[in-house]
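Colleague: If you read the protein sequences in the order shown, they are chains D and W.
Just so you know, we're using the working numbering here: the first sequence kicks off at 1413 and counts up by one.
Just so you know, we're using the working numbering here: the second sequence kicks off at -1 and counts up by one.
Each residue gets a CB set at the ideal place from its N, CA and C atoms; glycine is no exception.
Sharing a structure here in structure tokens format.
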Amino acid sequence: MLPRLMRFADVLVGERGEGTGLLSRALHCMLAEQYRYQVGTALDVWAFGEIYRTWLHELRGHPNPVAQAKIADAGFEDLFYQEIDGYLDTPVVGFLSGLPAQQRLTLLLVYGEGFDHEDAGRVLDVGTDIIAARLVRVSAALADRLSARPPAPAAAIVETLYPEGLRG
Amino acid sequence: MTELSDELLVAYVDGQLARKQTRAVEKVFDQDDIIAARVEALKQAHNRLEAAFEAILAGEEMDVSAVSVPVQESSLSERSILKVALAGVGIAVALGLAAVGYGWPLSFPGLNSGTQGVMLPVQTAPLSTDWQEEAARAHALLSRASVEVGVESQSNPDFVAFQLSQILGTNLKIPNLEPQGFRFVRAQALRSGGAPLTQILYLGATGAPLALYAKKGEGSGTLTEKHYGEIGTVAWAEDGVAYLLAGEAEDSLLMRIATKIKLEPAPPLRSAPKAQTPVNGALDR
């Protein structure tokens, strides 16, 4: 379970060092406040929720929470294991790093963890309709980006404007 | 063109629709190229997101695995110490909550002893020292199919993959480990608990063989290390197949190879390789 918790924290803050620190603080809180754990709750759902709440609590105490929530592309790229052929899905990585944390976590919980919408909603403290709406919005945006044709080079455009038959 | 909203198509791609709705959507995109292209784009987005999150998890598993390998005190970086501490606290939290939830009788030795003594343990199971018992246990793994997979077919990886998939009743990965220094030698079908078990054997430049075992079944998708005497193993399950990588290689190498295999895409559905007949030969030419 520890690698899954680490992934959650890292994806949340967008960088491994910060993620490790957040997870460490959240685990200490969980240990100190384990009486709040309700029997019957899935341990992973509860633990992910606690990490998210710790991050939110710390963010609210920050003078500029919006700037604080933004992540750096370089640190985020380092999260992806690239040993196999050094492959990095750059368009997807770039897309994920540009998303707000809540949307990134929604994708992680549903597509990475295989949670249903209810459990994902429990972790992020939102309803299933919000989870579904986020998935549609983000999936559609990524599908658009991945299927977009690259812009035509300038030379090709000039060639279309002045076809052979019309040149002096 | 029929209008289908992205809401419906995303729910279709995510498998959230009822069977009846699924059939209705499939009927529409069978007849509408634009909808079919949109579904394909959404599926690709879904698959690439899954692969991206899997790649992050693989990195975290490597990190945790690295923490479990004993290191010299002097070589501990600040980050290593933090991770070791984190691992200890994580385990304590998990065990503590399990104790609260399930009433396990637990104590936490070493929890208050600082970071130095806290390691993620690799489980070790004792190996039998009685060779007759070992031989009998190994013999129990043999089945008729072990002998029926002809040695002459081993030179054709597609044929081996097809035969093993048929025996197992599902598709399985037969990875190429040459970049990791292990060449495929042979594969065979065994049995365990009355069910088929496949064994794919590889040899490195030196040392004992490395084997990838596969058995139909579910299990945890997390890579889990365990030792049986000198034999190190990494186990995981994916797509209805439980895998076990076993060998006498270093733990970190086994974990790296297991991670590579796990991250490989699932094999396509296998069909029988074409028999070499004069007609097939002429058609191929």
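Using a C-beta to C-beta distance shorter than 9 Å, which residues of chain W count as neighbours of D:Arg1416?
Modeller: Ordered by position in chain W, the residues that pass the 9 Å Cβ test against D:Arg1416 are Leu55, Glu58, Thr220.
Colleague: Apply the 10 Å Cβ neighbour rule to W:Arg17 and answer buried if 16 or more other Cβ atoms are within range, or exposed otherwise.
Modeller: exposed
Colleague: Measuring straight from C-alpha to C-alpha, what distance separates D:Arg1549 and W:Ala49?
Modeller: 20 Å
Colleague: Along the chain, where does the alpha helix (DSSP H) that runs through W:Pro177 open and close?
Modeller: It is not in any alpha helix (DSSP H) - W:Pro177 carries neither H nor E in the DSSP assignment.
Colleague: Pop quiz: W:Thr222 and W:Val232 are said to be a contact at Cβ under 8 Å. What is the actual Cβ separation, rounded to whole angstroms?
Modeller: That belief holds up - the Cβ atoms of W:Thr222 and W:Val232 are roughly 7 Å apart, short of 8 Å.
Colleague: Could you check where the beta strand (DSSP E) with W:Thr231 kicks off and where it finishes?
Modeller: 229 to 236
Colleague: With distances taken Cα to Cα, identify the nearest neighbour of D:Leu1554 among D:Tyr1523, D:Val1504, D:Gly1526.
Modeller: D:Val1504
Colleague: Between W:Leu2 and chain D, is there a C-beta pair that is closer than 8 Å?
Modeller: It does not; no Cβ of chain D falls within 8 Å.
Colleague: Is there at least one Cβ from chain W nearer than 8 Å to D:Leu1387's Cβ?
Modeller: Summary: the structure shown does not reach residue 1387 of chain D, with chain D confined to residues 1413 through 1580, and so no result is reported for it.
Colleague: Under three-state DSSP, which class holds D:His1474?
Modeller: coil
Colleague: Could you pull out every residue in the same chain whose Cβ sits closer than 7 Å to the Cβ of W:Ile255, ignoring the five residues on either side in sequence?
Modeller: Leu175, Gln178, Leu243
Colleague: Does any residue of chain D bring its CB to less than 8 Å from the CB of W:Phe182?
Modeller: no
Colleague: Using three-state DSSP, classify D:Gln1450 as helix, strand or coil.
Modeller: coil
Colleague: To the nearest angstrom, how far is it from the Cα of W:Ala22 to the Cα of W:Tyr10?
Modeller: 10 Å
Colleague: Identify the residues that DSSP records as bridge partners of W:Ala240: which are they?
Modeller: W:Lys213, W:Ala235
Colleague: Quick test of your reading: W:Gly167 and W:Lys224, contact by CB under 8 Å. State the CB separation rounded to the nearest angstrom.
Modeller: Not quite, the Cβ-Cβ distance comes to about 26 Å (not below 8 Å), so this is no contact.
Colleague: Can you check whether the C-beta of D:Asp1501 is within less than 8 Å of a C-beta belonging to chain W?
Modeller: Answer yes: the Cβ-Cβ gap between D:Asp1501 and chain W drops below 8 Å somewhere.
Colleague: So is W:Ala16 in contact with chain D if we call contact Cβ pairs under 8 Å?
Modeller: False, the Cβ-Cβ gap to chain D never drops below 8 Å.
Colleague: W:Ala290 touches chain D at which residues, Cβ-Cβ below 7 Å?
Modeller: Absent from the model: residue 290 of chain W. The displayed extent of chain W is -1 to 283, so no value can be given.
Colleague: What are the partner residues of W:Ala185, as DSSP defines its beta bridges?
Modeller: W:Ile198
Colleague: Count the other CB atoms within 10 Å of the CB of W:Ala193; is the residue buried (16 or more) or exposed (fewer)?
Modeller: Its Cβ having fewer than 16 others within 10 Å, W:Ala193 is exposed.
Colleague: Counting only beta-carbon atoms, is W:Leu47 nearer than 8 Å to chain D?
Modeller: Yes, because at least one Cβ of chain D sits closer than 8 Å to the Cβ of W:Leu47.
Colleague: Would you decide whether D:Ala1532 is buried or exposed? Buried here means 16 or more other CB atoms lie within 10 Å of its CB.
Modeller: buried
Colleague: Where DSSP assigns a beta bridge to D:Gly1506, which residues make up the other side?
Modeller: DSSP lists no partner for D:Gly1506.
Colleague: Alpha carbon to alpha carbon, how far is W:Leu162 from D:Leu1468? Give it in angstroms, no decimals.
Modeller: Across the structure, D:Leu1468 and W:Leu162 are spaced so that their CA atoms are roughly 50 Å apart.
Colleague: Using DSSP bridges, identify the partner residues of W:Leu140.
Modeller: In the DSSP output, where bridge partners are listed per residue, W:Leu140 has W:Leu188.
Colleague: In the DSSP assignment, find the alpha helix (DSSP H) that holds W:Asp28 and state where it starts and stops.
Modeller: 17 to 29
Colleague: Looking at W:Val183 and W:Ala212, is the spacing between their C-beta atoms short of 8 Å?
Modeller: no
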